[in-house]
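>
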Amino acid sequence: MAIYLYRLLRDLFYKFVIHPLGLIARPVSRAEQLLSEDIRLKWEREQTLLKEQMVLKDTEEIKCMLQVGQLQEDTCMSSNMQYYIAGVDISFVKGDDVTACAALVVLTFPKLEVVYSDCKMIELTKPYIPGFLGFREVPFLLELFNDLQQRRPELMPHLVMVDGNGILHPREFGSACHLGVCLGLPCIGVAKKLFHVDGLEKNVEHHEKIASLEKGGDTFPLVGSSGRVLGMALRSCSSSKNPIYVSPGHLNQLEWLILIPESTSESGNKQMMDKARKILKTYTRMQHEESIR
DNA sequence: GCGACAG
DNA sequence: ATCTTGTCGC
2 MAIYLYRLLR
12 DLFYKFVIHP
22 LGLIARPVSR
32 AEQLLSEDIR
42 LKWEREQTLL
52 KEQMVLKDTE
62 EIKCMLQVGQ
72 LQEDTCMSSN
82 MQYYIAGVDI
92 SFVKGDDVTA
102 CAALVVLTFP
112 KLEVVYSDCK
122 MIELTKPYIP
132 GFLGFREVPF
142 LLELFNDLQQ
152 RRPELMPHLV
162 MVDGNGILHP
172 REFGSACHLG
182 VCLGLPCIGV
192 AKKLFHVDGL
202 EKNVEHHEKI
212 ASLEKGGDTF
222 PLVGSSGRVL
232 GMALRSCSSS
242 KNPIYVSPGH
252 LNQLEWLILI
262 PESTSESGNK
272 QMMDKARKIL
282 KTYTRMQHEE
292 SIR
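Numbering (this note's numbering), first residue to last: 2 to 294.
1) Under the assumption that residue 162 contacts residue 189 (Cβ atoms under 8 Å), give the Cβ distance between them as a whole number of angstroms.
2) For residue 67 versus residue 99, is the C-beta distance shorter than 8 Å?
3) Starting from the C-beta of residue 164, find all residues in its chain whose C-beta is less than 6 Å away, skip the five residues before and the five after it, and write them out in chain order.
4) Between the Cα of residue 137 and the Cα atoms of 194, 84, 244, 177, which residue gives the shortest distance?
5) Given a cut-off of 8 Å on the beta-carbon distance, is the pair residue 85 and residue 109 in contact?
6) Go through its chain and collect everything with a Cβ distance to residue 241's Cβ below 8 Å, but skip five positions before and after it.
7) Under the rule that 16 or more other beta-carbon atoms within 10 Å means buried, what is residue 82, buried or exposed?
8) Per DSSP, which residues does residue 189 bridge with? Please list them.
9) Going by DSSP in three states, residue 181 sits in which element: helix, strand or coil?
10) Which same chain residues end up closer than 6 Å to residue 175 when comparing Cβ atoms and leaving out the 5 residues on each side of it in sequence?
11) Comparing alpha-carbon positions, which option in 233, 39, 221, 147 lies nearest residue 246?
12) Would you report the Cα separation of residue 212 and residue 96, rounded to the nearest angstrom?
13) Tell me the rounded alpha-carbon separation between residue 248 and residue 64.
14) Which one or two residues does DSSP pair with residue 100 in a beta bridge?
15) What's the gap between the Cα of residue 252 and the Cα of residue 220?
16) Could you say which of 158, 55, 209 lies nearest to residue 179 if we only look at CA atoms?
17) Apart from the five residues just before and just after residue 193, which ones in its own chain have a Cβ nearer than 8 Å to its Cβ?
18) Please go through the same chain and pick out, in chain order, the residues whose beta-carbon is closer than 6 Å to the beta-carbon of residue 93, but skip the five residues on each side of it.
19) Measuring alpha carbon to alpha carbon, tell me which of 228, 196, 107 ends up nearest residue 156.
20) Could you give the DSSP three-state label for residue 60: helix, strand or coil?
21) Pop quiz: residue 132 and residue 170 are said to be a contact at Cβ under 8 Å. What is the actual Cβ separation, rounded to whole angstroms?
22) Of all the beta strand (DSSP E) runs that stay within the bounds of the region 215-246, which reach a length of 3 or more residues?
23) Using only CA atoms, which one of 214, 225, 187 lies nearest to residue 62?
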């Protein structure tokens with residue numbers, strides 16, 4: 002409790018004392034409001050259409066990867082197969098709202114060796130509207146995969162990690178679903194903050210559940226008030242206090258996320274995923290800095 | 001009706 | 001997403 006009070010005070014201090022200008026909110030014109038409503042309705046319809054194409058079932062590759070990752074044994078028929086997972090992210094230029102860097106990194110699975118990385122400077126034109134992140138970011142991510150297909154088609158990943166949510170979303174169609182459907186590849190959403198949806202919120206209960214995560218790899222399911230399990234909260238490693246929120250996007254189902262904690266030893270799969278995500282982040286930054294020079 | 005609201 | 005700051009681990 003003390004830590005929350007501390008953070009609250011610190012944030013207030015930052016807002017009022019360090020950045021008093023931030024208090025002067027930019028007036029939103031009526032025209033702008035209408036435009037935003039217009040976009041919303043249009044995007045909502047598009048989401049409905051795309052959602053019809055979403056499949057929440059594991060591909061054969063995902064099933065095999067699960068066995069490889071969990072048992073560390075070649076129980077799968079195609080055990081000679083080399084698996085690839087990818088991560089995508091978009092990072093912004095500081096102080097600039099439109100210029101950003103989109104990055105794609107492909108890793109082997111389960112060894113997590115980087116075999117491909119690409120980065121493109123882009124101009125984000127579409128606005129960020131909560132619930133419609135996909136429309137802002139997915140087109141640029143598709144370009145990166147297009148280039149991958151041109152250059153190294155054999156490295157097309159069997160699973161993609163997306164910054165954002167999968168079905169943990171107001172209409173159960175987050176950016177991971179969006180990318181997955183457009184790409185035709187299995188995607189999972191990985192978010193750092195809980196999307197308040199279907200009754201889920203960062204209330205006292207939620208904080209208690211977070212506190213009950215003792216070590217890296219510990220999880221708890223995110224059950225909405227509808228009773229539907231929309232994803233999992235995962236403590237990615239022992240040193241991170243805040244969990245990440247994982248949810249299926251396309252061509253994989255939630256069950257495989259839940260199955261992992263059952264494995265007796267470490268929940269290797271998810272730790273690996275988080276490790277991969279960190280690698281991705283590092284790459285985004287590195288290439289970003291490089292591109293500025 | 002109003003605020004909240006992934007990145 | 002980005003801003004600050006402190007702290008911890010390699």
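Here a beta-carbon is modelled for each residue, glycine too, at the ideal position from N, C-alpha and C. All figures in this text were calculated on a predicted structure; none of them were measured in a lab.
On the basis of the supplied data:
1) With 8 Å as the limit, residue 162 and residue 189 qualify as a contact, their Cβ atoms being about 6 Å apart.
2) No, the pair does not count as a contact, with Cβ atoms beyond the cut-off.
3) 90
4) 177
5) yes
6) If we look at residue 241 and ignore the five residues flanking it on each side, its Cβ neighbours are 217.
7) exposed
8) 162, 249
9) Look at residue 181 here: in three-state DSSP terms it is helix.
10) 165, 166, 167, 190, listed in sequence order.
11) It is 233 whose Cα lies nearest to the Cα of residue 246.
12) 35 Å
13) Residue 248 and residue 64 have their C-alpha atoms some 17 Å from each other.
14) 124
15) 22 Å
16) Among 158, 55, 209, the Cα nearest to that of residue 179 is on 55.
17) 243, 245, 246
18) 101
19) Taking only the C-alpha atoms, the option nearest residue 156 is 107.
20) Coil at residue 60, not helix or strand.
21) 7 Å
22) 220-224, 230-235
23) 187
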